[in-house]
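These notes concern the structure reproduced below.
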Amino acid sequence: YSQKLQLSEKTEVISQLAASVAHEVRNPLQVSRGFLQLMQERSEDPKEQNYMNLAIEELDRASDIITNYLSFAKPQPDTVETLNLSEQLKHVKGMLLPLADLQGGRIEIQIHPELLVTGNAGKIKQIFVNLMKNSIEATGENGLIKLWAYEKKGSVIIHLEDNGEGMDETMLARIGEPYLTNKSKGTGLGMMVTFQLIEHMGGELQFSSKIGIGTEAIIRLPGGLLK
Ligand code: ADP
Ligand code: MG
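full-length UniProt numbering applies: residue 414 is where the sequence shown begins, and numbers increase by one.
In structure tokens form, the structure reads like this:
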């Protein structure tokens, strides 16, 4: 037992350090990107333009990794609040709409306006960005991502369903392992982080999936209806 406690203390320190690094690294990335873009626009050499394009793409990839990993987890210790789930998810949907549009998918959210969850706003957003991003990436044209939630036995249960490519049993058994990815530019870190964040909140995450049919994630978080 004491060993477990030590391990979780270590994880806490590491995740705070990582969050600070992510925060510090994001600004110089953005500044470099801005200058590269400026140079690209001014350049008249197609070869040079192409190189700068590649450099910009790689910087975007680095930013993506940070977003995937801990963009919303602030370096400061957590503030735990009672949050309106519907509002939090509206914000997440707004962030993901450009990606969904690009893929030709739709996001439908149906949540009671008085459903509350207890946790850190940044971390809750991170959880749903990671999950919904995977759903969007798994669907093609006519992609449909549905999210609904309700109160059950003093918890909030959230269902996230997509009609994407699905996962086979082997994949399903391994989801959450670091570096597990089926994407050429994936990190395989999103679900590992998501499981950790949900467990840290005292919640639970379960997946069910069928190849060619889609995937459903069921998330339990502390919370309930406004009383
Ligand atoms: P990444 O998105 O960078 O690949 P994740 O940790 O977010 O890493 O996801 C790990 C893997 O789990 C994905 O590459 C994919 O194979 C699988 N996966 C996760 N969510 C879904 C989903 N909704 N539909 C199909 N496969 C999924
Ligand atoms: Mg992912």
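Beta carbons are placed, not taken as given, at the ideal position from N, Cα and C, and that holds for glycine.
- Taking C-beta atoms as the reference points, I570 and R633 count as a pair closer than 7 Å.
- One Cα belongs to S456, the other to I479, and the distance between them is close to 30 Å.
- In this model, N543 and R446 are separated by some 24 Å (Cα to Cα).
- Non-local beta-carbon contacts of K538 in its own chain, meaning distances under 7 Å to residues more than five positions away in sequence, involve F485, Q501, H504 and V505 in chain order.
- DSSP places H613 in the uninterrupted alpha helix (DSSP H) bounded by G603 to H613.
- Note that the C-beta distance between L610 and I524 is not below 7 Å.
- In terms of Cβ geometry, L638 and E564 form a close pair [threshold 7 Å].
- One residue list follows from the rule of a beta carbon closer than 5 Å to any heavy atom of ligand 2, given in chain order as N547 and G603.
- Per DSSP, I588 has no beta bridge partner at all.
- The closest heavy atom of ligand 1 lies 6 Å or more from the beta carbon of M508.
- By DSSP's assignment, G637 forms a beta bridge with L529.
- Judged by beta-carbon spacing, G579 lies within the 7 Å limit of S622, meaning their Cβ atoms are closer than that value.
- Burial check for G625: the Cβ neighbour count within 10 Å stays below 16, so the residue is exposed.
- Ligand 1 approaches G577 closely enough that one of its heavy atoms is under 6 Å from the residue's Cβ.
- For M580, the shortest separation between its Cβ and any heavy atom of ligand 1 lies below 6 Å.
- In the structure shown, I558 falls within a strand segment according to DSSP collapsed to helix, strand and coil.
- Listed in chain order, the alpha helix (DSSP H) runs fully inside the segment 441 to 514 are 459 to 483, counting runs of at least 4 residues.
- Exclusion of N555 from the 6 Å shell around ligand 1 follows from its C-beta lying no nearer than that to any non-hydrogen atom of the ligand.
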